[in-house]
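Novice:
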Amino acid sequence: MAAIPALVTASTKLHNTTGLTDESHDCQIRDHVAYCRNLLSTKALSSISRDESVLDPHDRTLIQDGILSSISFFSVCKSKPSRKRPMEHCLGIYYPRGRLWSKAVRYLETFNPVQIRYAGQEFRQLIEYPLLATRPIREAILRLDPSCAVFTSTHLLFVQLCLRAKAYACALPVLDKHVCHFPAPSSRASSKSSLALCAKHESGLSFITDSSALSATLTYKDYLLYFLYGGMIYMALKEWRKAFHFLGVVISMPTVGSISMVMVEAYKKWVLVGLLANGKLSSPPNNTPSHLVKLYQSIAKPYVSLAQAFERGEMQTLVAEVDAARDIWIMDRNMGLVSQVVNTFSAHALVRLRKTFAALTVAEVLEQVPHLPADPIATESVIAPLIMSGAMNATLVHSPSHTSDTMLRLSGKPFFSQVSHESHMQVRFRKEGQLMTALMGSLEETNRAMALSDEFVDASSKGQAWTTASEVNQGVGDDFGLDMDEDIMGG
Amino acid sequence: MDTTLPDAGPAQASSSAAQGVGIVPNEATNGTGVAAPRIKVDEPPKFEVESYIANYTGRTRFHRLYLIGTTSTLLSTDVLKAAVAEAKSGKNVELYEKAVRALSEVAPTEPEAFLDSSWVQEVQRSVRAQTDRLEQELRGYKNNLIKESIRMGNEDLGNHYYETGDLVAAAKAYSRMRDYCTTPNHIASMLFKLINVSVEREDWLNVQSNVHRLRNALSKPEDQARDQPKMMAAMGLSLMHARSYLDAANSFLSVEPTLADTFTEVITPNDIAVYGGLCALASMDRNELQRRVLENNSFRNFLELEPHIRRAIGFFCNSKFRPCLDILEAYRVDYLLDIHLQRHVAELYSLIRTKSIKQYLVPFSRVTLDSMATIFAPNVVGGEAQPTGFKSPFVQELIKLIKAGVLDARIDLEKGVLVSNQTDLREEVQNNTLESMMAFNEEAHIRLLHAAVLQAGLQVPAAPKEGRRPRMDHRDGKGDVGNF
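If you're matching them up, the sequences are chains Z and U in order. Counting in full-length UniProt numbering, the first sequence runs without a single skipped number right up to 491 at its last residue. Counting in full-length UniProt numbering, the second sequence runs without a single skipped number right up to 484 at its last residue.
(1) In the DSSP assignment, the beta strand (DSSP E) including Z:Thr-361 goes from what residue to what residue?
(2) Count the other CB atoms within 10 Å of the CB of Z:Arg-312; is the residue buried (16 or more) or exposed (fewer)?
(3) If contact means a Cβ-Cβ distance below 9 Å, which residues of the region 356-384 of chain Z contact chain U?
(4) When you check each C-beta in the region 435-447 of chain Z against every C-beta of chain U, which residues fall closer than 8 Å?
(5) List the DSSP bridge partners of U:Ile-411.
(6) What is the C-beta distance between Z:Ser-305 and Z:Glu-321, in whole angstroms, given that I count them as a contact (C-beta under 8 Å)?
(7) Taking only the alpha-carbon atoms, compute the straight-line gap between Z:Gly-441 and Z:Phe-182 and give it to the nearest angstrom.
(8) From this set, U:Asp-285, U:Ser-209, U:Ala-82, U:Glu-148, which residue's C-alpha is nearest U:Tyr-245's C-alpha?
(9) Identify every run of the beta strand (DSSP E) within the region 162-238 of chain U, keeping only runs that are complete inside it and at least 3 residues long; order them along the chain.
(10) Can you check DSSP and say which residues form a bridge with Z:Leu-410?
(11) Mark Z:Trp-329 as exposed unless 16 or more other C-beta atoms lie within 10 angstroms of its C-beta, in which case mark it buried.
(12) According to the Cβ coordinates, are U:Glu-112 and U:Lys-81 closer than 8 Å?
(13) Which one or two residues does DSSP pair with Z:His-181 in a beta bridge?
(14) Going along chain Z, which residues have a C-beta under 8 Å from U:His-450?
(15) Strictly under 8 Å for the Cβ-Cβ distance: is Z:Glu-432 near chain U by that measure?
(16) What are the boundary residues of the beta strand (DSSP E) that U:Val-367 is part of?
(17) Residues in its own chain within less than 7 Å of U:Arg-311 by CB, not counting five upstream and five downstream?
(18) Throw me the rounded Cβ distance for the U:Leu-289 and U:Phe-316 pair, which I believe falls under 8 Å.
(19) Within 8 Å (strictly less), CB to CB, does Z:Phe-345 reach chain U?
(20) Skipping 5 residues on each side, what residues in its chain have a beta carbon closer than 8 Å to that of Z:Phe-151?
(21) Leaving out five residues before and five after U:Glu-86 in sequence, what residues of the same chain have Cβ atoms less than 7 Å from its Cβ?
(22) Between the region 160-174 of chain U and chain Z, which residues of the former have CB atoms less than 7 Å from a CB of the latter, in chain order?
(23) Along chain Z, which residues have their Cβ under 7 Å away from the Cβ of U:Ile-411?
(24) For U:Asn-441, return the contacting residues in chain Z, with the cut-off set at a CB-CB distance below 8 Å.
(25) Please list, in chain order, the chain U residues whose beta carbon lies closer than 9 Å to that of Z:Met-425.
(26) What did DSSP end up calling U:Val-460 once you bin it into helix, strand or coil?
(27) At a cut-off of 7 Å, is Z:His-421 close to the ligand HEM when judged by its beta-carbon and the heavy atoms of the ligand?
(28) Starting from the beta carbon of Z:Met-331, find every residue of chain U whose beta carbon is closer than 9 Å, and list them in chain order.
(29) Output needed for Z:Gln-368: all residues of its chain with C-beta closer than 7 Å, excluding positions within five of it in sequence on either side, in chain order.
(30) Z:Tyr-296 touches chain U at which residues, Cβ-Cβ below 8 Å?
(31) Look up U:Val-41 in the DSSP assignment and say whether it is helix, strand or coil.
(32) Determine, using beta carbons only, whether U:Leu-67 and U:Ile-339 come nearer to each other than 8 Å.
(33) Kindly list, in the order they appear in chain Z, the residues whose Cβ is closer than 8 Å to that of U:Leu-458.
(34) Buried or exposed: which applies to Z:Ala-449, given that a residue is buried once 16 or more other Cβ atoms fall within 10 Å of its Cβ?
(35) Using a Cβ-Cβ cutoff of less than 8 Å, which residues in the same chain neighbour Z:Val-264 once the five nearest sequence positions on both sides are dropped?
(36) Taking C-alpha atoms, which residue in Z:Ser-260, Z:Ser-411, Z:Phe-310 lies nearest to Z:Leu-292?
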C-alpha cells in the first residue's frame, strides 16, 4: 500500500515543473521512469494486487490534478497482466464493462503527450496487447503525434482493426494525414538531436525513434499493408480517388528486384478502382519502374483485359471478361469491386451524354447508349437512380399525354445553389492547402534527415547545368563540322 | 509499271479485275493491295479539256488526261483518245499500253483501242539502242575525267530514262550528277530535275528534302528570287499531299506571281490559286483569311485567275456560308478531275464545312436546328419529313462533331435548338486548381515516402526464397479482413 502514495506524490512532484529548463525536466522524467519501473517490477506487485483500492485513490488524485501523470498510469497498467490472476480475468478487466476499461479509455484520451515519449514500451503494450478499440487508439495516435507523419506499428494495427470492425469512417482522421516518415535509427537521432525528449518538437520524427520503442520494429510488409488496408477503407467508403492514391503508393514502392504479393494484390485493386474513379486504365504513378509495371500486368492479366474492355466501351466484351474470370475475382475477393465496375459502365456512358445533349427522349438515349435494356421504361428505371444519387445532373419529364416518350433533360449547371457550392469549394481548398503545408513540413524534415541542404541542391543543379552546357557545346561542334562538310561539297 | 500514279493504278486494276481481262504481269503486282475506292464522276466539268490541258507541258499532260478519262464517265472516250495520242507522241511504251487498255474498256470499238504493236516494237528497239549509246558515251566521258562531260552525260541519260518512264533509274542518274556539278546553277537545275521526278513518283518526302537542299544551295539573292516560286509551289504541293493543309496554304500563299508559266510541267498559276485557296479556307480562321489571303497583293494575281475561289473566301469571311459552300459544291467535279486535288477534295470540303458550322455558331447562345439546317443541309430540309429529328443526317453530323470536341455546344432535341456551352470561368479555374493541388499532393506524398523507405532501408527485398513468404503472410492478412 505504501507504493501507491509514493507513486502519487512522485507524479504530483513531476507536475510542478513550471520554470524548469528542458534539460532538468528531462532528467527528472527519466529518474521518475526508472523509479516507477523499478518499484512496480519488485515489491509493489503484491501490494497493488487489490485493484479497487489501488486505482480509486489514484484516479481521484488524477482527477484532482486535472493532468495525468502518464508514466505512473502505464506502470500500473503494465503490472496487471503479469499478476498471478488467471489470464482471462486479467484481459477481462480491459474489455468494455471491465473495471479498468473506462479508466484506460479516459486515460488514452487525456494522457500527457510529452511524458509518454519516455515510456514508449508501456504505451505500446497498453494499446497492442489488451486494449483493442479503434476510437481510443485513434485518439492516442493523434495525441502522441498530431501531424501523424511518422509511421509506427500502431498505425497498421489501427487500420487493421478498423477494417475488421467495419469502422471505416473512424479511420479517416488518421488516414487523411499523409504518412511520410519512418522512425529514425536511434544512433543517428541521439547523436544529432540536442533537444531533450520533452522539449517542443516540430515533428514526430525527432522523438519517435527506434530507441523510443513507440513503434515495434518495422518491415516492408507493415507499410505496404498499411496503405493497402487504408485503400480498402477508402474503397468501402467509395472515396475512389483517395483509394486510388493509397493503392498507387503501394504499387510504386521501391523494390530490390522482386515484388511482394501485397503489391500484386494492390495492383489488382488499383486497376479496378482506377476504372471506378477515372473510367479508364490509368498509367501507374510516375516513379513506378517500368519493369514492375510489366510484371504486374503479366501477373494480373484478367484485370488488365477487363480494364481494356471497359475502355473500348463494349458491354459485350466486358460482360464476357467478367464471366470468363469469375473464379479469379472470387478467389481474389474482388468480386464486389468487379460488379461495381460493371454497374458504373453504363452510368459512365449516360453521364457522358451531358456533353452532347441538353435534352433528348429516352428512346434516343437508347440509341446513343446501346447496351441499356431495350425497353424505354426499363431504361428509365436505370436512369432514375443515377439522378437520385447525384451522379447525373438531370431531370426526367413525362409528357402529359402518354403518346410521346419521356424526355430526359440534362442540365448544364449544378443544382445546388451558388453559395453552398462556393463554401463547399472553400472547404476543399482549405483541406488541400493544409495537406500541402503538412507535406512541405515533411519535405523539410526529410531534407534534414538526409542532410540535403539548399547549398547541396544549388551545387548539384550547378553541376547539372555544367554538364548540359558541355553537351550543348559538343552539339555545336558537331553542327559546325557538318557545315564545313556541306561547304566543301558545295564548293 | 512501278512508276504509275497510285490514283491511276488501283483504278486500272479494279476495273480490269472486274472485267476479268488479261493484265500485264508487272502491272498486276502494282495494282494489288491498294484498295482505294475508285472515284467516278458523272457530271460534266466546267472547263474545256483541250484548253485545260494546253496549259501543261511534259508528262503531266498524259497523267492528267488519263485521270480525267478514267474518272469522268462522260468524257472518258474522247479524253482517253487524246491520252493515247499524247502517249504515242512520246517514247514511253508502258503509258501507251495503259492508255490503250483503259480506252478499250470504255470504247472497245474505237480504232485507237487496239494496240499498235509495230509502233511499240519500234519504240522499244530505238529506246534500247539509245540507252546503250548513252551509257557508252558516259563511260567514255568518265575515262576522260572531264567533269563537265560526265555531268552532261549523266544528265542526258537521266533525261532519256525519264522520257522512257524509268523514273528510278532517272532519279539515280540525276543524283550522280551531284559530284560533277561545278556551279550553283548546275546544282539548281539538277535538283529541279530530281523534284520533277519525285513529283511524278509521288515521293513527296523526297520533294520536300530536295526543296530544302535547293534552298540551301542557292546563295545569290537573284537566284533565290528566280527559283523561289517554283520551290514554294513544289513545297506546297508536297505539304498538301502530307495533309498538313495549313503549311501547304502558307507555302502556296508565298508563291510569287513571277511563277507564270515557268513550272507548267507540274503546276499552273490557276492550280496555285485553287490549291492555296482551298487549303487556306480549310485551315485558317476568318481574320487570317482576310489578312493573308484576300489582302495579299502577290496572291491576288493568282486569285484573279480563279475568281470563284476569291468569291468563296469572301463569302466565308462575311459569314455567308451557304453561298460559299454552294460555290465549292459547284466546282467539286472540276476538283475531282484534278490530279493532285482528287484525293483531298472530300477532306478539304468537310474541313471547310465544319469550320463554317463552328463559325456560324459563334454569335449565338442558342440556335434552332431548323435555321442551321437551311444553311448547312438544304437538301435535307426539302426532302425529309423531320429535317431536324434525331435520325436526320444533319443532326447525326452535329452529334459526331460535338463528340469529337469540335463544337462546344449541346443539342436540345425537345426544343430543337443547339445550346452553346457557357463555361463558368470561376468554377473552371477552381476545379483546375483543386485538381492540380490534389495531383501535386499525391505525387509529393509518393515521392517523400519513396525517399523515406529508401532511407530507412525498408525496400521490398529481392531474395527469391522470400518470394514465397510474403505470399503466405499476406494470405493470413487477407484472412483477417476477408469479409471486406
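All C-beta atoms in this analysis are idealised placements derived from N, C-alpha and C, irrespective of residue type, glycine included. Predicted model, so just to flag it, every value in this text is computed and none were measured.
Specialist: By the coordinates alone:
(1) 357-361
(2) Residue burial is scored here from C-beta neighbours: Z:Arg-312 has fewer than 16 other C-beta atoms within 10 angstroms and is therefore classed as exposed.
(3) Thr-356, Phe-357, Ala-358, Ala-359, Leu-360, Thr-361, Ala-363, Glu-364, Glu-367, Gln-368
(4) Leu-435, Met-436, Leu-439, Ser-442, Leu-443, Thr-446
(5) Beta-bridge pairing links U:Ile-411 to Z:Phe-357, U:Leu-418.
(6) 6 Å
(7) About 15 Å.
(8) U:Asp-285
(9) none
(10) In the DSSP output, where bridge partners are listed per residue, Z:Leu-410 has Z:Ala-394.
(11) buried
(12) In contact: U:Glu-112 and U:Lys-81 (Cβ atoms closer than 8 Å).
(13) Residue pairing for Z:His-181: DSSP places it in a beta bridge opposite Z:Val-150.
(14) Ser-252, Met-253, Pro-254, Asn-287
(15) Chain U places a beta carbon closer than 8 Å to that of Z:Glu-432, counting this residue as a contact.
(16) 366-368
(17) For U:Arg-311, the CB contacts under 7 Å within the same chain, skipping 5 residues up- and downstream, are Ile-327 in chain order.
(18) 7 Å
(19) no
(20) Answer for Z:Phe-151: Val-179, His-181, Phe-182, Pro-183, Ser-215, Leu-218, Asp-222, Tyr-223, Tyr-226, listed in chain order.
(21) Arg-61, Phe-62, Leu-65
(22) none
(23) Those are Thr-356, Phe-357, Ala-358, listed as they occur along chain Z.
(24) His-178, Glu-432, Leu-435, Met-436, Leu-439
(25) Chain U residues near Z:Met-425: Glu-427, Gln-430, Asn-431, Leu-434.
(26) Under the three-state reduction of DSSP, U:Val-460 is assigned to strand.
(27) No copy of the ligand HEM appears in this structure; indeed no ligand is present at all.
(28) Within chain U, no residue comes near Z:Met-331; the closest Cβ sits about 11 Å away, beyond 9 Å.
(29) Leu-353
(30) Under the 8 Å cutoff, chain U gives no residues; its nearest Cβ is about 13 Å from Z:Tyr-296.
(31) strand
(32) At a Cβ-Cβ threshold of 8 Å, U:Leu-67 and U:Ile-339 count as neighbours.
(33) Phe-182, Leu-218, Thr-219, Tyr-220, Tyr-223
(34) buried
(35) Tyr-296, Ile-299, Ala-300
(36) Z:Ser-260
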